[in-house]
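Just below is one structure, and these are the notes that go with it.
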Amino acid sequence: NAGVTQTPKFQVLKTGQSMTLQCAQDMNHEYMSWYRQDPGMGLRLIHYSVGAGITDQGEVPNGYNVSRSTTEDFPLRLLSAAPSQTSVYFCASSRGTADQPQHFGDGTRLSIL
Amino acid sequence: DAKTTQPPSMDCAEGRAANLPCNHSTISGNEYVYWYRQIHSQGPQYIIHGLKNNETNEMASLIITEDRKSSTLILPHATLRDTAVYYCIVRGSGAGSYQLTFGKGTKLSVIP
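Taken in sequence, the protein lines are chains A and B.
So in this note's numbering, the last spot in the first sequence is 186, and the numbers never skip.
So in this note's numbering, the last spot in the second sequence is 95, and the numbers never skip.
This is the structure:
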């Protein structure tokens, strides 16, 4: 049982490049989300999805796009990378009720030069 | 969701119980108390959660006061591998409750 899988684990980009961070879960969870964590800080929500075809913005959505075409996958796209997007990105998934815990992936460490 | 207050850091001797407090004085009746931890820069790891009653699982125990305004996470026999940042999070059950609001947590250092 793989849980939540994020790829790649590390990535270095140049300013202005685009890329997609992948997130997949094999637990048939309705809810998926993306967080970013900057040094010394807690996680902040970027975007989330409550099911296939449904997405919404979190606390810090600017510069990021998401889509949810399947239950399993929830990719995060950086349209034009900026140094301020240097961070560690975590994907999480859970069943769709508040009494079900969210499970996190191991993260993608992204550096924008 | 209600805000939580945690001490920034705590030490615990290896083999002893680690008691991590959390204040959530504005919690409402349908909000859950969740605990996660983060070891180094790994993904947050779910520990335990509760609504009103005390809870216990293979990792820890969660004690929630009767008025629900505070809680304590107990690691019964702390090991060096329990050194991590521990986050107490209050999560509602209504629309928009999916978000977990992470504060700065408590950095627990388990000392040999």
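Cβ atoms here follow ideal geometry from the backbone N, Cα and C, with glycine treated the same way.
- Chain B has no Cβ within less than 8 Å of the Cβ of Q130(A).
- The contact set of G75(B) on chain A, defined by CB atoms closer than 9 Å, consists of A171 in chain order.
- Between A0(B) and P59(B), the gap from beta carbon to beta carbon is short of 8 Å.
- In the structure shown, R64(B) falls within a helical segment according to DSSP collapsed to helix, strand and coil.
- In this chain, the beta strand (DSSP E) harbouring N2(B) covers A1 to N6.
- With contact defined as three or more Cβ pairs closer than 8 Å, the stretch 48 to 62 of chain B and the stretch -4 to 14 of chain B are in contact.
- Around the Cβ of Q175(A), a 10 Å sphere holds 16 or more other Cβ atoms; the residue is buried.
- The beta carbon of V85(A) sits closer than 6 Å to those of S184, all from its chain and outside the five residues before and after it, given in chain order.
- Put simply, of W18(B), E49(B), D50(B) and R74(B) the residue whose alpha carbon is nearest the alpha carbon of T39(B) is W18(B).
- The beta carbon of A165(A) is closer than 6 Å to those of S106, Q175 and F177 in its chain, skipping five residues each way along the sequence.
- At a cut-off of 8 Å, the C-beta of H176(A) has a neighbouring C-beta in chain B.
- A residue is called buried once 16 or more other Cβ atoms fall within 10 Å of its Cβ, and I22(B), having fewer, is exposed.
- With its beta carbon less than 8 Å from one in chain B, V161(A) belongs to the interface.
- Apart from the 5 residues on each side of it in sequence, A43(B) sits with its Cβ closer than 8 Å to the Cβ of W18, I30, I31, L56, I57, L58 and P59 in its chain, given in chain order.
- Rounded to whole angstroms, the gap between the alpha carbons of S167(A) and G124(A) is 11 Å.
- Residues of chain B with a Cβ closer than 7 Å to the Cβ of L118(A) are, in chain order, Q82.
- Taking CB atoms only, Y15(B) has a neighbour in chain A less than 8 Å away.
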